[in-house]
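Asks: Residue numbers (this note's numbering), protein chains in the order written: chain A, 18 to 146; chain B, 18 to 146.
Using N, Cα and C, we set each Cβ at its ideal position, and we do this for glycine too.
Computed from a predicted structure; not experimentally measured.
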């Protein structure tokens, strides 16, 4: 290794500014992935189960997503029972897809890094890309 | 859509517990990806540039990674200049690879979700998987 590389060859190569923090947070990433998979929306209770969150945690994260206009929350009736329906907005879907593209770049970078390390050919096949 | 699905068919399908928060944080993900790509270590200054972080931010994140035993920090001399060298530990590398496997699952889930949505065939080709 050159001990004094001076200028890094790829400046800011690993900055990943595109990893929007509103989306990147682990619980919210799960919530948004659930909602992308259910474009017509999910009742609060189903979303809670899918993401293994408590009522309080899910409410808190939904509020962050709603303020960011990524998710739309509405009340409706399922028979006589009031129900909270959570849906991803068109803007939320767009930003989620942009986020995913950056996430894929992380995977590609990581896979390239692992491949390039001569001590760890055993890690080959990590990425299916 | 069934309005009252009762039990979600895949309980906790989107919980992503394996997304270790120590690694998942955006700046630390960049730091670890840099260090995986440079298994012999990187000087503090190079790492700072690659990840586009300030001295203070990089120090703070390195401390979190060091406490978690994912990164090893050592002082050495480059000629007469003291230098801080940052290296990923074997345990750090192992946990990073485990994290990556979960991240790949997120990408696969997301790609499947996008594919399944009949309104958005234009999103096809998002994932190269």
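(1) Tell me, please, whether the CB atom of residue 121(B) is closer than 8 Å to any CB atom in chain A?
(2) Please report the straight-line C-alpha distance between residue 110(A) and residue 31(B), rounded to a whole angstrom.
(3) At a Cβ cut of 9 Å, what residues of the region 66 to 92 of chain B count as close to chain A, listed as they run along the chain?
(4) Quick check: the Cα distance between residue 113(B) and residue 51(A), rounded to an integer number of angstroms?
(5) Buried or exposed: which applies to residue 121(B), given that a residue is buried once 16 or more other Cβ atoms fall within 10 Å of its Cβ?
(6) Cβ closer than 7 Å: which chain B residues qualify as neighbours of residue 30(A)?
(7) For a contact meaning CB atoms closer than 7 Å, what does residue 40(A) contact in chain B?
(8) Roughly how many angstroms lie between the CA atoms of residue 106(B) and residue 28(B), to the nearest whole one?
(9) Suppose you measure from the CA of residue 69(A) to the CA of residue 61(B); what does that come to, to the nearest Å?
(10) If you draw a straight line from the C-alpha of residue 36(B) to the C-alpha of residue 123(A), how long is it?
Replies: If we stick to the structure as given:
(1) By this cut-off, residue 121(B) is an interface position.
(2) Residue 110(A) and residue 31(B) have their alpha carbons spaced roughly 17 Å apart.
(3) For the region 66 to 92 of chain B, the beta-carbon criterion of a distance under 9 Å to any beta-carbon of chain A is satisfied by 66, 67, 68, 69, 70.
(4) So the alpha carbons of these two residues sit roughly 24 Å apart.
(5) With 16 or more other CB atoms across the displayed protein chains lying within 10 angstroms of its CB, residue 121(B) is buried.
(6) Those are 67, listed as they occur along chain B.
(7) Listed along chain B, no residue sits closer than 7 Å to residue 40(A) by beta-carbon distance, the nearest being about 10 Å off.
(8) Their Cα atoms are separated by approximately 35 Å.
(9) Residue 69(A) and residue 61(B) have their C-alpha atoms spaced approximately 38 Å apart.
(10) A straight line joining the alpha-carbon of residue 36(B) with that of residue 123(A) spans about 14 Å.
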